[in-house]
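There are 2 protein chains.
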Amino acid sequence: MPMGLSTHELDKIDQLVAVRRKIKRGDFLFQSGTPFKSIFAIRTGFFKTSVTTDDGRDQVSGFQMAGEIIGLDGIMNDRHACDAIALEDSEVCVMPFDRIEQISLEVKSLQHHVHKIMSREIVRENSVILLLGSMKAEERLAAFLLNLVQRLHARGFSQYELVLRMTREEIGSFLGLKLETVSRAFSKFADEGIVEVKQRNLKILNPEALKLIMNAQDHCS
Amino acid sequence: MPMGLSTHELDKIDQLVAVRRKIKRGDFLFQSGTPFKSIFAIRTGFFKTSVTTDDGRDQVSGFQMAGEIIGLDGIMNDRHACDAIALEDSEVCVMPFDRIEQISLEVKSLQHHVHKIMSREIVRENSVILLLGSMKAEERLAAFLLNLVQRLHARGFSQYELVLRMTREEIGSFLGLKLETVSRAFSKFADEGIVEVKQRNLKILNPEALKLIMNAQDHCS
DNA sequence: CGCGTCATTGATGTGCATCAAGTGGTGTGG
DNA sequence: CCACACCACTTGATGCACATCAATGACGCG
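Protein chains in written order, with our numbering: chain Y, 4 to 224; chain A, 4 to 224.
In structure tokens, the structure reads:
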């Protein structure tokens, strides 16, 4: 959250985060097509967002953890453009977007903060596009794991150990791969001593090797 | 641009678009890593944006035409996160972002407009992610062509004819395919009488067929 | 006119999807 | 507390879509 605010400004911002909401594992935080009112700051838990085509194909477009913001896609059109589903019991701060805009008129740093958050989402999606468009299966998984552990580490968790909150199928959907391919890549990494996989518990033994794999850069023009 | 403004508000907004800049074909509008100051509204011309990994891989992340906004990725970090290159001689309105934020504090509708534009970019990227993650070559090309012609049509151009401003390789890069695959897909569409391709001039003879191809939905789970 | 760039088309290879069988962990009801 | 069913996962065998390699053709520009 933005720094260097007066107490008056802080009061304003407090009004935003007044309402909280608990979401059970497997439940929707919001669904594509439903009216957009608020964005959400994840307090605890873990979510996935997924987009759907007219013809029923769908794909995981991101995983979100505590401290991250979800729902920005709804601003345009006043309707949510993706589904958000809790992968574990979670709690979010409900932040009505019209309130945010109103307070942003008075608190300049909040306005800028909102812009940064939206820009960050654009940049994040850019890197997903890059991943999907130009990386091979193992490179994708390596990039995914490094990204995940880096975000967890920034939140005070271990730099090497993590619990995957999603299934292999959901990882595959996010990475544009089939679950079998994800599974095989995990096994290969494990064989090579790069990671230790026990169910959804993962230990990264050799992060440097993962970075090398991610940057294979051999083939693609 | 936002509607229903007072003349005073319009004056404010006029201050934004005072500066224009011409970009020659092949030149950068901005480069990844350079300081971010402004976003740009394309007045005339055509651009591509491309993202790059540390190891030198790069990919086209979008094509932008007149009336579209470019540069939103730079807000976070105050550095551009992608390259923007003109595919033909172009002209843009330079809109200093700090000015936008300043005026947004006074003109509520402008603030909301900015949010919508950023949200639209997020939604657009979501659909690119969906395309890259779950569609086959011909489906991708069909979706690409339909999207392109739809945007051109919204700008008063033909619903069926267009000139491709980019090479096959750039299309391929955007779609996560090799140029040969793009070329073959074009030839296949032409054989089937769905389109007429003469170099970069394209005529869509059967838009419905393209929509069907895009929504093939047969295989993928 | 000749060269460079872009595009087409064919032949071959390969990475991942698909299909299929089997394992292990978890939760439920007897 | 155990038996059963279910689901997530692993692993192997096979096939196919697209990449890769290579040769040729069509523009456009100096």
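Using N, Cα and C, we set each Cβ at its ideal position, and we do this for glycine too.
Hey, is residue i's beta-carbon within less than 9 angstroms of any beta-carbon in chain Y?
{"i": "S130(A)", "result": "yes"}
{"i": "R28(A)", "result": "no"}
{"i": "C223(A)", "result": "Low confidence applies here, because C223(A) scores a pLDDT of 43, under 50, leaving its location unreliable; read the following figure in that light. For C223(A), the answer is yes, since a Cβ of chain Y falls inside 9 angstroms of its Cβ."}
{"i": "I72(A)", "result": "no"}
{"i": "A219(A)", "result": "yes"}
{"i": "K111(A)", "result": "yes"}
{"i": "S41(A)", "result": "no"}
Name, please, each residue of chain A whose Cβ falls closer than 7 angstroms to the Cβ of residue i.
{"i": "R123(Y)", "result": "M79"}
{"i": "S107(Y)", "result": "Q114"}
In terms of residue numbering, what span does the alpha helix (DSSP H) encompassing residue i cover?
{"i": "G136(A)", "result": "111-137"}
{"i": "N150(A)", "result": "140-157"}
{"i": "F93(A)", "result": "The displayed chain sequence assigns Ser, not Phe, to residue 93(A). Per DSSP, S93(A) belongs to no alpha helix (DSSP H); it is in the beta strand (DSSP E), 93-99."}
{"i": "L182(Y)", "result": "182-194"}
{"i": "R171(A)", "result": "171-178"}
{"i": "K214(Y)", "result": "210-217"}
{"i": "K15(Y)", "result": "10-19"}
Listing by chain order, which chain Y residues have their CB less than 9 angstroms from the CB of residue i?
{"i": "E12(A)", "result": "Within 9 angstroms Cβ-Cβ: nothing; E12(A) doesn't reach chain Y, min ~13 angstroms."}
{"i": "A145(A)", "result": "The premise fails here: A145(A) is roughly 12 angstroms from chain Y at the closest Cβ pair, so nothing lies under 9 angstroms."}
{"i": "E173(A)", "result": "Result: empty, since nearest Cβ-Cβ is about 12 angstroms, beyond 9 angstroms."}
Taking Cβ-Cβ distances shorter than 7 angstroms, what residues in chain Y pair up with residue i?
{"i": "F18(A)", "result": "A quick correction: the sequence has Gln, not Phe, at residue 18(A). In chain order: nothing, as chain Y lies at least about 18 angstroms away."}
{"i": "E211(A)", "result": "Those do not exist, as E211(A) stays about 14 angstroms from chain Y at its closest Cβ, beyond 7 angstroms."}
{"i": "L75(A)", "result": "S122, I125"}
Output, in chain order, the set of chain A residues within a Cβ distance shorter than 8 angstroms of residue i.
{"i": "E199(Y)", "result": "The premise fails here: E199(Y) is roughly 26 angstroms from chain A at the closest Cβ pair, so nothing lies under 8 angstroms."}
Indicate whether at least one CB of chain A lies closer than 9 angstroms to the CB of residue i.
{"i": "T37(Y)", "result": "no"}
{"i": "V117(Y)", "result": "yes"}
{"i": "E104(Y)", "result": "yes"}
{"i": "I207(Y)", "result": "no"}
How is the beta strand (DSSP E) around residue i delimited, first residue to last?
{"i": "V63(A)", "result": "61-68"}
{"i": "E199(A)", "result": "198-201"}
{"i": "K25(A)", "result": "22-26"}
{"i": "T47(Y)", "result": "41-47"}
{"i": "I88(Y)", "result": "86-89"}
{"i": "N80(A)", "result": "N80(A) -> no beta strand (DSSP E), and no H or E assigned at all."}
{"i": "L205(Y)", "result": "204-207"}
Note down, in chain order, every chain A residue with its Cβ under 9 angstroms from the Cβ of residue i.
{"i": "C85(Y)", "result": "V126, N129"}
Would you call the region 21-34 of chain A and the region 86-96 of chain A touching, i.e. three or more CB-CB distances under 8 angstroms? yes
Check each residue of the region 157-169 of chain A: if its Cβ is closer than 7 angstroms to any Cβ of chain Y, include it; give the result in chain order. Residues of the region 157-169 of chain A that bring their beta carbon within less than 7 angstroms of a beta carbon in chain Y are absent altogether.
At a Cβ cut of 7 angstroms, what residues of the region 45-66 of chain Y count as close to chain A, listed as they run along the chain? V54, T56, D57, D58, G59, R60, Q62, S64
Identify each residue in the region 177-198 of chain Y for which the Cβ-Cβ distance to at least one residue of chain A is less than 9 angstroms, and report them in chain order. F177, L178, G179, L180, K181
Contact between the region 68-85 of chain Y and the region 46-54 of chain Y is defined here as three or more beta-carbon pairs at a separation below 8 angstroms; is this criterion met? yes
Under 7 angstroms (Cβ pairs) to chain Y, residues found in the region 132-143 of chain A: Those would be I132, L133, L135, G136, S137, in chain order.
Sufficient close CB pairs (3 or more, under 8 angstroms) joining the region 203-223 of chain Y to the region 160-176 of chain Y: yes
Does the region 17-24 of chain A touch the region 95-107 of chain A, meaning 3 or more C-beta pairs lie closer than 8 angstroms? In short, these stretches touch, since the Cβ pair count reaches three.
Between the region 171-190 of chain A and the region 134-149 of chain A, do at least 3 Cβ pairs fall closer than 8 angstroms? yes
Between the region 116-131 of chain Y and the region 75-87 of chain A, do three or more beta carbon pairs fall short of 8 angstroms? Inter-segment contact for the region 116-131 of chain Y and the region 75-87 of chain A is present: three or more beta-carbon pairs are separated by less than 8 angstroms.
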